[in-house]
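S.K.: Starting off with a structure, shown below.
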Amino acid sequence: MPIRTLLIKDPPPFRSPVFSFLLFTLSGAGFGLLFDRKGLSIPDFWIIFLLLLPFFLLRPSGRLRGFFEGMAFGLAANILGIRWLLVTMQDYGHLSLLLALGGLLLFSLYLSLFPAFFRLGTRLLPLWEETGGALSLRAVLLAPALWILSEAGRTEILTGFPWNPLGSLLFGHPAFELPARILGTTGLSFLIVTGSVLLALVWEGTAGFLKTREGKRRLAGRIMLLAAFFLLWPLAGQRLEKIAGKGPEDLLPVALVQGNIPPDQKWSADHLKADLDIYRNLSQRGIAGGVRLLLWPETALPIFYTSAHPLLSRDLRALLSPSTFLVTGSIGEVPDPSQPMGIAFTNAAVLFGPDGKVRSDYIKQHLVPFGEFLPLPEIFGWLRPLIGVAGDMARGDHPGIFPLPNGLSLSPLICYEALYPSLVRKNLGPSQILGVISDDAWFGDTSAPYQLFRESAMRALENGVPMLRAANTGLSGAVLPDGTVSLRGPLFKEALLEGKIPVPRPGSEERTFYRQHGEWLLKLSLLGLLFLGAIRPLREGKKDGSPEHLAPSARLPAGTSGV
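Numbering (the numbering used here), first residue to last: 921 to 1483.
Written as structure tokens, this is what we have:
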């Protein structure tokens, strides 16, 4: 009697580890270079849908291999996407090239953990069918949820580094502005991953579904789903045109002052008067044109505003009188018995009225690690000489609301804080204007100022309010609630940017869905993944006794062999 042979095995994973690691490395490199642009809008953003395809076309053959594939992607993406750190560490941290390269590599390795855990998660979650190994339609929701969870981890863990989230690639493209108002930048990241998964489903379908009539119908359905997904964005853009500009608005004459003071000169007492003269002269030109609100950059007043000489108030009164307000960066001091001098320094934003007196102030809440404070001093204490006084800065504990005439108010943010969507939303409160002050000189002539401006500008779009940004060396500018960049200055040049910014009248502004509900999509995704993790063991337990889950030899009919 002939013996029938039945081979039962899962579809083979991608066969060559070398090729798969190379593919993930090249995709990560493309990812990093997509962000490494000296421009605010990324015209070829659509490439990102292709760069993410390896995550969904290649099923991880094992947990460890999947983890390191994600590491390869993240390492290439970060080394190229934040290579401006070399300029910061060499030119301003005074490190040798070798040490700077080592620092970039170590930091990139840390950031690579997040795409690595995402890749590992795709192995643990049911993104692929148990029989046949094809990418499941479940991946359309599971993969984006897992991605934005990894981005949230990078934003929050160890004080966070929310640089270059996927969603910021879509800034400047009108079709994505309405989704940003509803979903936030996190939601735009979700949509990008969704689009990539749909593309992977179509790609995979063309290889396996054309052999049968049923397969062709399934492929046609996937193509229609993909087309519908991408056709939504022009419709969203048309909808935005209908709802934009609702409610009465007033035009606020503003001026953004860019002093272009070299970092090593800003803190020199010998240059203090000359530096202030630059800001005063530029401001006088704006005030002569009818400006009612001036923005100076971060620490443009490198003196203690909490104990400033009366001459400062006199000079500012002469400049601002009779009806101009000034928002500027300065340095403060607060009692701190743990410090050798009994005080700690603060990075502050200060509102001066037309009388030259302080009307309100705000202390930076989210400090930059290794720049404004030293994390884990037991481990990194040897870096203190490189950080200097900034290593001892104290953080604020509450938002700032700067009152302006006619019932308006401005919420200040300082530099890096504008990268945190939830912090910005919380700090904004009832204000009608976001004011960001920064000093980006440390980045040099790299892509970093553009990356920082682009992501900061997303806060205007998410919350439906104008954003004013004054940076010492640029980029300074103004972004309207619909994402339009109405003012933009140069890099490393003195500049005065003047304009009339439309501001909603108090009480008449329409709050965006994101401003009302925050990171609702992230919370929903987290709950969904936790629920799936909770019920999956129960589902697998029910299947343990079914024929499909028995050992291969136990599933064979009588008279057959599992050889």
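By construction, the Cβ of each residue, glycine as well, lies at the ideal position given by its N, Cα and C atoms.
Do you know offhand how far Val938's Cα is from Ile967's?
M.R.: Within the sequence shown, residue 938 is the residue found at index 18, counting from 1. Within the sequence shown, residue 967 is the residue found at index 47, counting from 1. Their Cα atoms are separated by approximately 24 Å.
S.K.: Helix, strand or coil for Arg1043? Go by DSSP, reduced to three states.
M.R.: Along the sequence shown, one-based indexing puts residue 1043 at 123. Helix, per DSSP.
S.K.: What does DSSP give as the partner residue(s) for Ile1251 in the beta ladder?
M.R.: Counting from one through the sequence shown, the residue named residue 1251 turns up at place 331. According to DSSP, which records beta bridges pairwise, Ile1251 is partnered with Phe1224, Asn1267.
S.K.: Can you check which of these residues, Leu1231, Gly1249, Met1261, is closest to Lys1284 by C-alpha distance?
M.R.: To locate residue 1284, count along the sequence shown from 1; it is residue 364. The residue with the shortest Cα to Cα distance from Lys1284 is Gly1249.
S.K.: Any contact of the segment 1169-1185 with the segment 1394-1405, i.e. 3+ C-beta pairs under 8 Å?
M.R.: Yes, the segment 1169-1185 touches the segment 1394-1405.
S.K.: What's the gap between the Cα of Leu1015 and the Cα of Asp956?
M.R.: Taking the sequence shown and counting its residues from 1, the one referred to as residue 1015 is at position 95. Taking the sequence shown and counting its residues from 1, the one referred to as residue 956 is at position 36. For Leu1015 and Asp956, the distance between alpha carbons rounds to 23 Å.
S.K.: As a quick exercise: from Ser1280, Ile1321, Tyr1434, Thr1079, pick the residue whose alpha carbon is nearest that of Ala1100.
M.R.: In the sequence shown, residue 1100 corresponds to position 180, counting from 1. Minimum Cα distance to Ala1100 is reached at Tyr1434.
S.K.: Which residues does DSSP pair with Gln1178 in a beta bridge?
M.R.: Here residue 1178 corresponds to residue number 258 of the sequence shown, with the count starting at 1. Answer by DSSP bridge pairing, in chain order: Ala1415.
S.K.: For Phe969, which residues of its own chain have a beta-carbon under 8 Å away from its beta-carbon, when the five flanking residues on both sides are left out?
M.R.: Walking along the sequence shown from the start, residue 969 turns up at place 49. Cβ within range, chain order: Ile1112, Gly1115, Ser1116, Leu1119.
S.K.: What is the rounded straight-line gap between the Cα of Pro1182 and the Cα of Met1378?
M.R.: Position 262 of the sequence shown, counted from the start, is the residue given in the question as residue 1182. Position 458 of the sequence shown, counted from the start, is the residue given in the question as residue 1378. When rounded, the distance between both Cα atoms is 28 Å.
S.K.: Just to check my reading of the structure: Val1247 and Gln1352 have Cβ atoms closer than 8 Å, yes? What is that Cβ distance to the nearest angstrom?
M.R.: If you number the sequence shown from 1, residue 1247 lands on position 327. If you number the sequence shown from 1, residue 1352 lands on position 432. Contact flag wrong, Cβ pair sits at about 14 Å.
S.K.: Using a threshold of 8 Å, state whether the C-beta atoms of Asn1180 and Thr1219 are closer than that.
M.R.: As a working mapping, residue 1180 is identified with position 260 in the sequence shown. As a working mapping, residue 1219 is identified with position 299 in the sequence shown. No; because the gap between Cβ atoms is not below 8 Å, this pair is not in contact.
S.K.: Measure the CB-CB distance between Phe1034 and Ser1070 and report whether it falls below 8 Å.
M.R.: The residue you call residue 1034 lines up with position 114 of the sequence shown. The residue you call residue 1070 lines up with position 150 of the sequence shown. Cβ distance < 8 Å, so Phe1034 and Ser1070 count as in contact.
S.K.: Let me make sure I understand the geometry here. Which of Leu977, Pro1426, Gly952 has the alpha-carbon closest to that of Ala1059?
M.R.: For the purposes of this step, residue 1059 is identified with residue 139 of the sequence shown, where counting begins at 1. Among Leu977, Pro1426, Gly952, the Cα nearest to that of Ala1059 belongs to Leu977.
S.K.: Quick check on the DSSP output: the beta strand (DSSP E) that includes Arg1279 runs from which residue to which?
M.R.: Translated into positions along the sequence shown, residue 1279 becomes position 359. Its beta strand (DSSP E) spans residues 1278-1283.
S.K.: Here's the rule I'm using: 16 or more other beta-carbon atoms within 10 Å means buried, otherwise exposed. How should Gly1210 be labelled?
M.R.: Counting from one through the sequence shown, the residue named residue 1210 turns up at place 290. So Gly1210 ends up on the exposed side.
S.K.: If you pair each beta-carbon of the segment 1253-1271 with each one of the segment 1339-1348, do three or more pairs fall below 8 Å?
M.R.: Judged by Cβ distances under 8 Å, the segment 1253-1271 makes no contact with the segment 1339-1348, as fewer than three pairs qualify.
S.K.: With DSSP as the reference, label Thr1346 as helix, strand or coil.
M.R.: Sequence index remark: in the sequence shown, residue 1346 carries index 426 (1-based). Here residue 1346 turns out to be Lys, not Thr, going by the sequence shown. DSSP places Lys1346 in helix when its eight states are reduced to three.
S.K.: Can you round the beta-carbon distance between Leu1005 and Leu1025 to whole angstroms, since I take them to be within the 8 Å contact cut?
M.R.: Taking the first residue of the sequence shown as 1, we reach residue 1005 at position 85. Taking the first residue of the sequence shown as 1, we reach residue 1025 at position 105. Between Leu1025 and Leu1005 the Cβ distance is about 10 Å, and since that is not below 8 Å, they are no contact.
S.K.: What is the rounded straight-line gap between the Cα of Leu1066 and the Cα of Leu1449?
M.R.: The count along the sequence shown starts at 1 and reaches residue 1066 at position 146. The count along the sequence shown starts at 1 and reaches residue 1449 at position 529. Leu1066 and Leu1449: Cα-Cα distance of roughly 8 Å.
S.K.: Bridge partners for Arg1408 per DSSP, in chain order?
M.R.: Along the sequence shown, one-based indexing puts residue 1408 at 488. According to DSSP, which records beta bridges pairwise, Arg1408 is partnered with Gly1397.
S.K.: Comparing C-alpha positions only, which one of Gly990, Arg985, Pro963, Lys958 sits nearest to Ala949?
M.R.: Locating residue 949 in the sequence shown gives position 29, counting from the first residue. Answer by Cα proximity: Gly990.
S.K.: Going along the chain, which residues of its own chain have a beta-carbon closer than 6 Å to the beta-carbon of Leu972, five neighbours each way excluded?
M.R.: Position 52 of the sequence shown, counted from the start, is the residue given in the question as residue 972. Hits under 6 Å: Ser1116.
S.K.: Can you give the Cα-Cα distance for Lys1193 and Arg1389, rounded to whole angstroms?
M.R.: As a position in the sequence shown, residue 1193 is number 273, starting the count at 1. As a position in the sequence shown, residue 1389 is number 469, starting the count at 1. Their Cα atoms are separated by approximately 24 Å.
S.K.: Assuming the contact rule is C-beta atoms closer than 8 Å, Asn1383 and Asp1170 should be a hit. Round their C-beta distance to whole Å, please.
M.R.: By 1-based counting over the sequence shown, the position of residue 1383 is 463. By 1-based counting over the sequence shown, the position of residue 1170 is 250. At roughly 18 Å, the Cβ-Cβ gap does not stay under 8 Å, so Asn1383 and Asp1170 are not in contact.
S.K.: Which residue marks the beginning of the alpha helix (DSSP H) containing Arg1374, and which one marks its end?
M.R.: Sequence index remark: in the sequence shown, residue 1374 carries index 454 (1-based). Arg1374 -> alpha helix (DSSP H) spans 1368-1383.
S.K.: Would you kindly work out how many angstroms separate the C-alpha atoms of Leu1044 and Asp1281, rounded to a whole number?
M.R.: Here residue 1044 refers to the residue found at position 124 of the sequence shown. Here residue 1281 refers to the residue found at position 361 of the sequence shown. Using only the alpha carbons, I get a separation of about 49 Å.
S.K.: Applying the criterion that 16 or more other CB atoms from any shown protein chain within 10 Å of the CB defines a buried residue, is Asn1392 buried or exposed?
M.R.: Along the sequence shown, read from residue 1 onward, the residue named residue 1392 stands at position 472. Buried.
S.K.: Per DSSP, Glu1169 forms a beta bridge with which residues?
M.R.: Working through the sequence shown from its first residue, we reach residue 1169 at position 249. Pro1424, per the DSSP bridge assignment.
S.K.: Would you please state the rounded distance, in angstroms, between the beta carbons of Gly952 and Ala996? I believe it to be under 8 Å.
M.R.: As a first step, residue 952 must be located in the sequence shown, where it is residue number 32. As a first step, residue 996 must be located in the sequence shown, where it is residue number 76. Correct: roughly 6 Å between the Cβ atoms.
S.K.: The alpha helix (DSSP H) with Val1261 in it runs from where to where?
M.R.: Here residue 1261 refers to the residue found at position 341 when the sequence shown is read from its first residue. According to the sequence displayed, residue 1261 carries Met and not Val. Run containing Met1261: none; DSSP gives neither H nor E here.
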